[in-house]
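**Q** Please read through the structure below; I'll follow up with questions.
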DNA sequence: AGGGAAACCCGAACGC
DNA sequence: TGCGTTCGGGTTTCCC
């Protein structure tokens, strides 16, 4: 599903110079069609279609779960949420069975935003920071040291799981990766964030980075016909392994709800202190 | 400030 | 076969 790893892969593939992927770089938009109005979070769908015309793709990047397509004048920010996908090709018709937005480039290239669940959103803004500035640090930011991470955790008094999912605290983690990172660090999802030792904070940061690295390497996970990505699901340690033995200690993996989110953990080696 | 819950969406997978 | 119900993902919003 499109948590950060798949977003990272897609952002990378949009600038690919070889293989079956074409690069978007340098292309200009000659036509935009909004098929599902609410996909465009801002400005209005009509303004969007007009304002994006003739803008050229200058760069493609990523910040948290947002893909940032920097254009001549504006930035096109894309959030895939769960079921969104970007398809690049040369069909004249909308690509994908659930295309919500199509951008056509001057040479016939099409970028289609396919999204069966209609949860994904795009923004066309002059300043990308107007949207992105709300995000917490990147998990791989070199200034995010174990010490700083420990300070961040100590400054809050929240259950670890919801805090890791809070994009204003740390950018990029979704439900799968939060569970996997907590398992890696042997921390209970309900553990209050301000009770972690420096060692535990370091371990959590390492776990987050390892889990994301693996997810990116696997091109994300495919947990449903509609949440398609790579094959990271074959390497889950806890996520969706309810009742199965913990791969570290053999105890049965438990599933609980935390902040309405399905949460998987090992009751033996992720004890709350 | 933190936590719980509802809303937004859809189609697969279920129960009857 | 055909209905109705449940589920889950990320985020925002509202309410205690």
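In the numbering used here, the protein residues as written are 34 to 306.
All C-beta atoms, glycine included, are put in the ideal place defined by N, C-alpha and C.
Pick out the complete beta strand (DSSP E) segments inside the segment 93-181, 3 residues or longer, and give them in chain order.
**A** 99-104, 108-112, 118-122, 132-138, 143-147 and 154-158
**Q** Out of 251, 136 and 100, point me to the one whose CA is closest to residue 87's CA.
**A** In the first chain, the residue the question calls residue 87 occupies position 54. Checking every option, the nearest Cα to that of residue 87 belongs to 136.
**Q** Contact between the segment 97-111 and the segment 156-167 is defined here as three or more beta-carbon pairs at a separation below 8 Å; is this criterion met?
**A** yes
**Q** In angstroms, rounded to a whole number, what distance separates the CA positions of residue 250 and residue 165?
**A** Working through the first chain from its first residue, we reach residue 250 at position 217. Working through the first chain from its first residue, we reach residue 165 at position 132. When rounded, the distance between both Cα atoms is 25 Å.
**Q** Need the endpoints of the beta strand (DSSP E) that residue 81 sits in, please.
**A** On the first chain, position 48 is the one that residue 81 refers to. It is not in any beta strand (DSSP E) - residue 81 instead sits in the alpha helix (DSSP H) that spans 78-84.
**Q** Within the continuous beta strand (DSSP E) that includes residue 307, where are the two ends?
**A** As shown, the chain starts at 34 and ends at 306. That puts residue 307 outside it, with no answer to give.
**Q** How about residue 147 and residue 129: do their beta carbons lie closer than 8 Å?
**A** To locate residue 147, count along the first chain from 1; it is residue 114. To locate residue 129, count along the first chain from 1; it is residue 96. For residue 147 and residue 129, yes; Cβs fall inside 8 Å.
**Q** Taking residue 312 as part of the beta strand (DSSP E), name the residues at either end of that continuous run.
**A** Not covered by the structure: residue 312. The range shown for the chain is 34 to 306.
**Q** Spatial neighbours of residue 271 within its chain, please: CB distance less than 7 Å, with the 5 preceding and 5 following residues excluded, ordered by chain position.
**A** By 1-based counting over the first chain, the position of residue 271 is 238. So the list reads 212, 213, 216, 286, 297, 298 and 299, once near-sequence residues are dropped.
**Q** Does DSSP classify residue 88 as helix, strand or coil?
**A** The residue you call residue 88 lines up with position 55 of the first chain. Secondary structure of residue 88 (DSSP, three-state): coil.
**Q** By Cβ distance below 8 Å, which residues in the same chain neighbour residue 171 in space, the five residues on each side in sequence not counted?
**A** On the first chain, position 138 is the one that residue 171 refers to. The residues are 96, 97, 177, 204 and 205.
**Q** Does the distance from the CB of residue 305 to the CB of residue 219 come in under 8 Å?
**A** Here residue 305 refers to the residue found at position 272 of the first chain. Here residue 219 refers to the residue found at position 186 of the first chain. No.
**Q** Verify whether the separation of the beta carbon atoms of residue 183 and residue 142 is less than 8 Å.
**A** Translated into positions along the first chain, residue 183 becomes position 150. Translated into positions along the first chain, residue 142 becomes position 109. No. Outside cutoff.
**Q** Judging by CA-CA distance, which residue of 99, 55 and 222 is the nearest neighbour of residue 120?
**A** The residue given as residue 120 occupies position 87 in the first chain. Nearest option by C-alpha distance: 55.
**Q** By how many angstroms is the C-alpha of residue 93 removed from the C-alpha of residue 45?
**A** Against the first chain, residue 45 aligns to sequence position 12. Against the first chain, residue 93 aligns to sequence position 60. For residue 45 and residue 93, the distance between alpha carbons rounds to 8 Å.
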